[in-house]
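Protein chains: 2
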Amino acid sequence: MKWKLQPVLFWAFLSVYTLAFAQPPRGPFVISPQVNSDKTVTFRFLSRAAKEVKLNAQFEKAPVAMTKDTSGVWSVTLGPVKPDMYPYSFVVDGISVADPRNSAIFPNEGFQNSIVEITGDVPLVHTIQNVPHGTVSYRYYNSPELGTRPVVIYTPPGYEKDSKTKYPVLYLLHGTTDTEETWTKVGRANIILDNLIAQDKAKPMIIVMPYGRAYPVISKSSGSLRNWENLQEFKKDFLNNLLPFIEQNYRIKKDKDSRAIAGFSGGGGETLYLGLNNPDLFSWVCGFAPGMLKNEFDRNNAVAFEDPAKTNQRLKLFWIGVGKEDGLYAVISDYLKVLDEKKIKHETFISDGGHTWMNCKLYLTTIAQKLFK
Amino acid sequence: MKWKLQPVLFWAFLSVYTLAFAQPPRGPFVISPQVNSDKTVTFRFLSRAAKEVKLNAQFEKAPVAMTKDTSGVWSVTLGPVKPDMYPYSFVVDGISVADPRNSAIFPNEGFQNSIVEITGDVPLVHTIQNVPHGTVSYRYYNSPELGTRPVVIYTPPGYEKDSKTKYPVLYLLHGTTDTEETWTKVGRANIILDNLIAQDKAKPMIIVMPYGRAYPVISKSSGSLRNWENLQEFKKDFLNNLLPFIEQNYRIKKDKDSRAIAGFSGGGGETLYLGLNNPDLFSWVCGFAPGMLKNEFDRNNAVAFEDPAKTNQRLKLFWIGVGKEDGLYAVISDYLKVLDEKKIKHETFISDGGHTWMNCKLYLTTIAQKLFK
Numbered sequence: 001m002k003w004k005l006q007p008v009l010f011w012a013f014l015s016v017y018t019l020a021f022a023q024p025p026r027g028p029f030v031i032s033p034q035v036n037s038d039k040t041v042t043f044r045f046l047s048r049a050a051k052e053v054k055l056n057a058q059f060e061k062a063p064v065a066m067t068k069d070t071s072g073v074w075s076v077t078l079g080p081v082k083p084d085m086y087p088y089s090f091v092v093d094g095i096s097v098a099d100p101r102n103s104a105i106f107p108n109e110g111f112q113n114s115i116v117e118i119t120g121d122v123p124l125v126h127t128i129q130n131v132p133h134g135t136v137s138y139r140y141y142n143s144p145e146l147g148t149r150p151v152v153i154y155t156p157p158g159y160e161k162d163s164k165t166k167y168p169v170l171y172l173l174h175g176t177t178d179t180e181e182t183w184t185k186v187g188r189a190n191i192i193l194d195n196l197i198a199q200d201k202a203k204p205m206i207i208v209m210p211y212g213r214a215y216p217v218i219s220k221s222s223g224s225l226r227n228w229e230n231l232q233e234f235k236k237d238f239l240n241n242l243l244p245f246i247e248q249n250y251r252i253k254k255d256k257d258s259r260a261i262a263g264f265s266g267g268g269g270e271t272l273y274l275g276l277n278n279p280d281l282f283s284w285v286c287g288f289a290p291g292m293l294k295n296e297f298d299r300n301n302a303v304a305f306e307d308p309a310k311t312n313q314r315l316k317l318f319w320i321g322v323g324k325e326d327g328l329y330a331v332i333s334d335y336l337k338v339l340d341e342k343k344i345k346h347e348t349f350i351s352d353g354g355h356t357w358m359n360c361k362l363y364l365t366t367i368a369q370k371l372f373k
Numbered sequence: 374m375k376w377k378l379q380p381v382l383f384w385a386f387l388s389v390y391t392l393a394f395a396q397p398p399r400g401p402f403v404i405s406p407q408v409n410s411d412k413t414v415t416f417r418f419l420s421r422a423a424k425e426v427k428l429n430a431q432f433e434k435a436p437v438a439m440t441k442d443t444s445g446v447w448s449v450t451l452g453p454v455k456p457d458m459y460p461y462s463f464v465v466d467g468i469s470v471a472d473p474r475n476s477a478i479f480p481n482e483g484f485q486n487s488i489v490e491i492t493g494d495v496p497l498v499h500t501i502q503n504v505p506h507g508t509v510s511y512r513y514y515n516s517p518e519l520g521t522r523p524v525v526i527y528t529p530p531g532y533e534k535d536s537k538t539k540y541p542v543l544y545l546l547h548g549t550t551d552t553e554e555t556w557t558k559v560g561r562a563n564i565i566l567d568n569l570i571a572q573d574k575a576k577p578m579i580i581v582m583p584y585g586r587a588y589p590v591i592s593k594s595s596g597s598l599r600n601w602e603n604l605q606e607f608k609k610d611f612l613n614n615l616l617p618f619i620e621q622n623y624r625i626k627k628d629k630d631s632r633a634i635a636g637f638s639g640g641g642g643e644t645l646y647l648g649l650n651n652p653d654l655f656s657w658v659c660g661f662a663p664g665m666l667k668n669e670f671d672r673n674n675a676v677a678f679e680d681p682a683k684t685n686q687r688l689k690l691f692w693i694g695v696g697k698e699d700g701l702y703a704v705i706s707d708y709l710k711v712l713d714e715k716k717i718k719h720e721t722f723i724s725d726g727g728h729t730w731m732n733c734k735l736y737l738t739t740i741a742q743k744l745f746k
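Order-wise, the sequence lines are chains A and B. Start counting the first sequence at 1; every next residue gets the next number (my numbering). Start counting the second sequence at 374; every next residue gets the next number (my numbering).
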């Protein structure tokens, strides 16, 4: 009857206002993660049964062993850690689990990580500060093929206060198995823009973060993500449903010089495909460690490769960022060579680190200061 | 180097468009949960190492054993299940974990559950349908004592299209250890209102869902949730910061007959305390399995108990809902007796089931059709 103990008594305990009952019945009260003033971080996980618990944090090269105290609380203190936001999970007897004491979750369909933020002595660009904040809106639009589709939209500070100003728009695509929430919850896209706008480093803009998987048409029921077929369906949805929904419902500048597209990983692949093959739509195209295969360069870049001069003339920014330790570094380097051979103008941003959201935040911060200028 | 294998190669694999690489390297592709056409549900969890995996779902009375296949995938098929949305988790060798293949997460600071929806033959009131949808906005407001505070706000369909109409407002409070997201992600408050408004069963209204914990003033660093002290801080924040922020930033009717408050569990306790002790603010007060203690009845209801006639005269609705199997059923029954003794008018709604979000959706659906009428 463990289940009955949990939802019923557990909530009853927590609902009443007594110290005695204020602790979950499952064991001692556990705080995790605990960011200490010296920038070390203490992680804790409660399990009397586990034989081995490790911490798998993206600021470490490998999982770190945790030690259990007499009450069954496993813990480890690491760092000082370089200020940033990092995904992490506990590996409990080989099973990767999110931190049950941390409500900051990495939205993803393939795994679950938790997020820990180590703030800097000077607030970082993704840290929530006391500046005017934009609004993050969760909306639905309709697709005849795909049904009701979720989209997350950032409008800059003051958008609601005035009914006239029109804004440029950045379409920002998530990575494969991410969701429409990953760019705000892990990428802090809204907070980064709030801070850059407050410092007058970025133009006020609207950011549209759609969901990139074409379920149910591209069914989940096989092991394959069928990314190419998915991209064809997503393209249809993007052009026929999402873009009209945004332009009808938001005060948007509708010329191509006021329209940008950027994306990470699988969403970076989608970004290049949509951005380079729709000459009349986008003047700003930014790939963040874009997913690609060498044998698909010609197919996926057909329009851009066909007439490099025209491509250079119409694009105000063609930007590619990737980390030196990224698994995609090699293929993206090959791609950059092809762009050079074809004399297609582009900006390259080679960072440290790998295929991480720490780099995504850095890439967004970098391009947000270039867009629409 | 397991870590390097995951974020780097895992993402690289998923970023490229080949069938061969489209599966996470961690094992066979796992679909979970899988809702079948006969309303049975198949749950799957990948773990070669685990000795025992159980499914802990709120439509079952107790955890159910799962069985492992030769590839290390544990599974169980249950039901047919009564159509609704249910929290569930896997219990892996005694450790409760969310479903890593399901991005629908129960926002909570005390545990992690996943959410599965079994749709009905006729769509239920919380099921996303092709009707006009309102907007769910994530906003921040500032508190001198508590810093930048998150709040989630539902505006009804058409709110953005027109700049004149003013709306009544429902302040909707989450349970202890829930977050400002729980009412939309688990309670589907936005979808319930979209559907009720489309059917002309509820008045278009704005719903304000604040975060109820007064961190950092009420520190996390003790085992005690210090709910009474928290309530005092939350009250200050609610009255001094949240309410003015909402009334300045949204088109709201500002009379008390256009202002309602409701909440679940710990938030239900907050609801009665704020709603009954601020006679000039709220004409509509609804407790969903409200958290309370018998020895606190007099303190927490001081103003209402002082002058029952006045209380009856000023309240348009005083509504209490609770489930027969709820751990709080006994104390709430005592409270209802006291209301009867004092001749304080109230509506009582006794449902089946326990202290669950299935009941929260039912309670919200019930009161949403009464408010502002």
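Glycine included, every Cβ here is placed at the ideal spot set by N, Cα and C.
Item: Rounded to whole angstroms, how far is the Cβ of MET66(A) from the Cβ of VAL53(A), which I believe are closer than 8 Å?; Value: 5 Å
Item: Check whether the Cβ atoms of ILE565(B) and VAL542(B) lie closer than 8 Å to each other.; Value: no
Item: In whole angstroms, give me the CA-to-CA distance for PHE90(A) and MET458(B).; Value: 28 Å
Item: For LEU293(A), name the three-state secondary structure that DSSP assigns.; Value: coil
Item: Drop a sphere of 10 angstroms on the beta-carbon of ASN113(A), count the other beta-carbons inside from all chains shown, and report buried for 16 or more, exposed for fewer.; Value: buried
Item: Bridge partners for PRO87(A) per DSSP, in chain order?; Value: ILE115(A)
Item: Count the CB pairs spanning the region 554-570 of chain B and the region 498-510 of chain B that are closer than 8 Å, and state whether there are at least three.; Value: yes
Item: Residues in the region 467-482 of chain B with C-beta within 9 Å of chain A's C-beta atoms, listed in sequence order?; Value: GLY467, ILE468, SER469, VAL470, ALA471, ASP472, PRO473, ARG474, ASN475, SER476, ILE478, PRO480, ASN481 and GLU482
Item: Check PHE394(B) in the structure and name its three-state DSSP category.; Value: Here PHE394(B) scores only 29 on pLDDT, less than 50, and its place in the model is too uncertain to base an answer on.
Item: Please list, in chain order, all residues of the same chain as ASN563(B) whose beta carbon is under 7 Å from its beta carbon, the five residues on each side excluded.; Value: GLY507, VAL509, TYR527 and THR557
Item: Leaving out five residues before and five after GLY354(A) in sequence, what residues of the same chain have Cβ atoms less than 6 Å from its Cβ?; Value: GLY323, GLU325 and ASP326
Item: Identify which residue in GLY483(B), THR721(B), GLU554(B) and ILE478(B) has its Cα closest to the Cα of GLY110(A).; Value: ILE478(B)
Item: Using 8 Å as the threshold, is the C-beta distance between ALA98(A) and ALA471(B) below it?; Value: yes
Item: Which term fits ARG188(A), buried or exposed, when burial requires 16 or more other beta carbons within 10 angstroms of its beta carbon?; Value: buried
Item: Taking 8 Å as the threshold (beta carbon to beta carbon), is SER47(A) in contact with chain B?; Value: yes
Item: With 7 Å as the C-beta to C-beta threshold (strictly closer), list the residues of the region 438-455 of chain B near chain A in chain order.; Value: none
Item: Taking 8 Å as the CB-CB cut-off, is ALA22(A) touching chain B?; Value: Confidence is the limiting factor: at ALA22(A) the pLDDT is only 29, short of 50, which leaves the residue's position unreliable, though a coordinate-based value still follows. Taking Cβ atoms only, chain B reaches closer than 8 Å to ALA22(A), which makes this a yes.
Item: Can you give, in chain order, each stretch of the alpha helix (DSSP H) that sits fully within the region 645-703 of chain B and has at least 4 residues?; Value: 670-673, 675-679 and 681-687
Item: Specify whether the region 241-261 of chain A and the region 165-181 of chain A touch according to this definition: at least 3 beta carbon pairs, one from each stretch, less than 8 Å apart.; Value: yes
Item: Spell out whether any CB of chain A is found under 8 Å from the CB atom of TYR318(B).; Value: Because chain B spans 374 through 746 in this model, residue 318(B) falls outside it and cannot be assessed.
Item: Within 10 angstroms of the Cβ of ALA262(A), are there 16 or more other Cβ atoms? Answer buried if so, exposed if not.; Value: buried
Item: Suppose the cutoff is 6 Å on Cβ atoms and the five residues either side in sequence are ignored; what does the same chain contact list for LYS441(B) look like?; Value: TRP447
Item: Given this structure, state the Cα-to-Cα distance separating LEU362(A) from PRO150(A), to the nearest angstrom.; Value: 26 Å
Item: Who pairs with ALA65(A) in a beta bridge, going by DSSP?; Value: LYS54(A)
Item: Identify the residues that DSSP records as bridge partners of PHE416(B): which are they?; Value: VAL449(B)
Item: Are the C-beta of ILE350(A) and some C-beta of chain B separated by less than 8 Å?; Value: no
Item: Skipping 5 residues on each side, what residues in its chain have a beta carbon closer than 6 Å to that of ASN300(A)?; Value: TYR273
Item: ASN142(A) by DSSP, collapsed to three states: which one?; Value: strand
Item: Can you tell which of THR365(A), THR366(A) and THR356(A) has the C-alpha that lies nearest to the C-alpha of PRO87(A)?; Value: THR356(A)
Item: What does TYR335(A) touch in chain B if you count any residue whose Cβ is under 7 Å from its own?; Value: Near TYR335(A) there are no residues of chain B at all, since even the closest Cβ is about 12 Å away, more than 7 Å.
Item: With DSSP as the reference, label CYS360(A) as helix, strand or coil.; Value: helix
Item: Using CA coordinates, which residue listed in SER656(B), ALA662(B), VAL658(B) and ASN651(B) is at the minimum distance from VAL676(B)?; Value: ASN651(B)
Item: With respect to the beta strand (DSSP E) encompassing LEU545(B), which residues constitute its N-terminal and C-terminal limits?; Value: 542-546
Item: Could you tell me whether the Cβ of PRO7(A) comes closer than 8 Å to any Cβ of chain B?; Value: With a pLDDT of 36 at PRO7(A), under the threshold of 50, the modelled position of that residue is not reliable, and no figure is offered here.
Item: Give me the residue from LEU315(A), ASP340(A) and PRO290(A) with the minimum Cα distance to LYS370(A).; Value: LEU315(A)
Item: When you compare only the Cα positions, how much space is there between GLY72(A) and SER47(A)?; Value: 5 Å
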